Amino acid sequence: MALAKTIYLPLPCCATQVHYPWYETDTAFASSNTTLNAVWELSRYTLEAASLDTYTDSNTRERRPYEADGIIAATGRLMLQRDFLWPRHSHAWVINDPTWPVEWQQISAFLGWQDYMATGQPDLALAFTEQMYGVVGFRWLFPPSSCSGSSTGRRGL
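All letters in the sequence shown, in the order written, are residues 212 to 368 by this note's numbering.
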């Protein structure tokens, strides 16, 4: 999980540094194009350096994850790291505590799908089925029972 280190300053205050582990052996990239290699390194480093205990797009501006960050940051991290707990923790957070932009809340179902595609386990989506259907607001069109298959033949997540 996230590593925390408290730094004591010679002033009457202290700072805490939080950083989620990055495993260099999980990913590698090399090409004959130096520009492409530089873009790769910038992208990789951004995902490594910006990872606290949840996904955010700016750790100095935002203090919590947003659903849209899950599509961007968690997708990138899932492609580069074998650890699924970081995005899974963040997905659970935003599904359980949705943010204020209504259109972002509708991304919740995609976060459940993203977790399933990364882990092969439907448990996150199944655990939050009610919340995901509730924030999307289409209960009348896709009832929660359709997630596991229903007599209508429709499937949810």
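Note that CB positions come from ideal geometry on N, CA and C, so glycine has one too. The model shown is predicted, which means the values in this text are computed figures rather than measured ones.
For residue i and residue j, I'd like the C-alpha separation in whole angstroms.
i, j, result
"W315", "I306", "11 Å"
"W324", "A241", "30 Å"
"T330", "F339", "16 Å"
"W233", "Q317", "30 Å"
"D294", "P312", "29 Å"
"S262", "P223", "28 Å"
"L253", "E235", "14 Å"
"S260", "V229", "Per the sequence shown, residue 260 should be read as Ala rather than Ser. Computed Cα separation, rounded: 10 Å."
"T257", "P221", "31 Å"
Going by alpha carbons, who is nearest to residue i out of the options?
i, options, result
"D326", "A303, W311, H230 and P312", "A303"
"L296", "L222, Y231, P223 and P221", "Y231"
"Q292", "P221, Y277, T238 and P312", "T238"
"L289", "V229, V250, R255 and P221", "R255"
Can you list, in chain order, the residues of its chain whose CB lies under 7 Å from that of residue i, leaving out five sequence neighbours each side?
i, result
"L352", "For L352, the predicted structure reports a pLDDT of 48, less than 50, and the residue's modelled location is therefore unreliable. The matter cannot be settled from this model."
"R382", "Outside the displayed range of the chain (212 to 368) lies residue 382, so it cannot be described from this structure."
"S301", "T265, Y266, P276, G281 and A285"
"A279", "W315 and I318"
Can you name the start and end residues of the alpha helix (DSSP H) that residue i belongs to?
i, result
"L337", "D334 to A338"
"W324", "S319 to T330"
"A249", "T245 to A260"
"P298", "L296 to N307"
"E188", "The shown model of the chain, from 212 to 368, leaves out residue 188, and the question about it has no answer."
"Q316", "V313 to Q316"
"L291", "T286 to L291"
For residue i, which residues of its own chain have a beta-carbon under 8 Å away from its beta-carbon, when the five flanking residues on both sides are left out?
i, result
"Q342", "I306, N307, P309 and S319"
"L368", "Residue placement at L368 is flagged as unreliable, the pLDDT there being 40, under the threshold of 50; the coordinate-derived value follows with that caveat. So the list reads A320, G323, W324, Y327, P333, A336, T340, M343 and C358, once near-sequence residues are dropped."
Tell me which residues share the same chain as residue i and place their Cβ nearer than 6 Å to its Cβ, disregarding the 5 neighbours each side in the sequence.
i, result
"W251", "F240"
Are three or more beta carbon pairs between the stretch 283-292 and the stretch 243-252 nearer than 8 Å? no
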